[in-house]
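This report concerns only the one structure given below.
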Amino acid sequence: MNAQAPTAYGQGLSSQARNLHWLLTNLVDEVPGIRSVAVVSSDGLLLLSSDPGRADEVAQSGTDGPRGSSADLATIVSGLGSLTNGAAKLMDGGSVKQTMVTMDEGSLFVMSISDGSLLGVHATPDCDMNVIAYHMALFVGRAGHVLTPELRSELRKSMESAQ
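Everything in the sequence shown is counted per UniProt numbering, starting at 1 for the first residue and increasing by one.
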């Protein structure tokens with residue numbers, strides 16, 4: 001897989017980090033109905049997002065907080081992942097593979113990544129849920145094996161510097 005040349009956001013990143021950014025960008029660009037995407041570490045920190053600079057844009061616009069931004073999505077994904085994992089333990093259900101929440105004005109999908117990280121997708125109400133779940137599974141399959149502790153640390157630092 002060839003990574004795109006690093007943008008200002010991806011400058012100085014390793015090839016594995018650039019590849020993950022490329023995979024995330026492709027997920028958002030290629031799958032109709034996706035509003036935003038966040039990859040969250042097992043401890044709840046945002047690693048990758050489809051809109052890394054949006055929190056700054058919203059802050060500069062004078063509105064109250066980054067409503068709908070990747071920071072909010074990461075918080076929701078982390079909380080929902082924690083809640084569903086707790087429920088699965090109480091029910092002796094094994095590990096949680098995917099969680100889906102459908103709402104009047106959109107859908108939220110959360111999928112586990114092998115290292116304990118989570119992939120969260122916020123989608124439009126008219127999205128094709130099967131297509132989104134399929135592409136999320138592809139992302140998880142491609143990204144899960146490379147999310148080493150070193151790469152997670154690099155991605156965290158990259159997100160902190162982007163915001």
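Ideal placement from N, C-alpha and C gives every residue a C-beta, glycine not left out.
All figures in this text were calculated on a predicted structure; none of them were measured in a lab.
Coarse secondary structure for residue i, derived from DSSP in three states
i    : result
S50  : coil
M159 : helix
V77  : helix
G86  : helix
S69  : coil
L147 : coil
T124 : coil
S36  : strand
Best match in the options for proximity to residue i [C-alpha to C-alpha]
i    : options                : result
L83  : G144, A71, V110, T124  : V110
L155 : M103, S107, V40        : V40
S112 : G106, M100, K157, D104 : M100
D115 : G81, Q16, V37, T148    : T148
S69  : D51, G81, G86          : D51
Q98  : N85, S36, L24, A17     : N85
S36  : S42, H145, D43, L48    : L48
G44  : L80, T102, L27, S161   : L80
L138 : L23, C127, S14, D126   : L23
Cβ neighbour criterion (16 or more within 10 Å) applied to residue i
i    : result
L73  : buried
T124 : exposed
G120 : buried
L90  : exposed
G93  : exposed
H21  : buried
M136 : buried
G12  : exposed
H145 : exposed
R18  : buried
A87  : exposed
Residue i: first and last residue of the uninterrupted beta strand (DSSP E) it sits in
i    : result
V140 : Segment 129 to 143 is the alpha helix (DSSP H) holding V140; no beta strand (DSSP E) there.
L108 : 106 to 112
M100 : 98 to 103
Assumed close pair residue i, residue j - CB separation to whole angstroms, cut-off 8 angstroms
i    : j    : result
V31  : V131 : 6 angstroms
A38  : V77  : 6 angstroms
L46  : A71  : 7 angstroms
S117 : S42  : 6 angstroms
Cβ-heavy atom distance, residue i to the ligand COA, below 6 angstroms
i    : result
L147 : This structure simply doesn't include the ligand COA, nor any ligand for that matter.
Limits of the unbroken alpha helix (DSSP H) element including residue i
i   : result
V28 : 15 to 30
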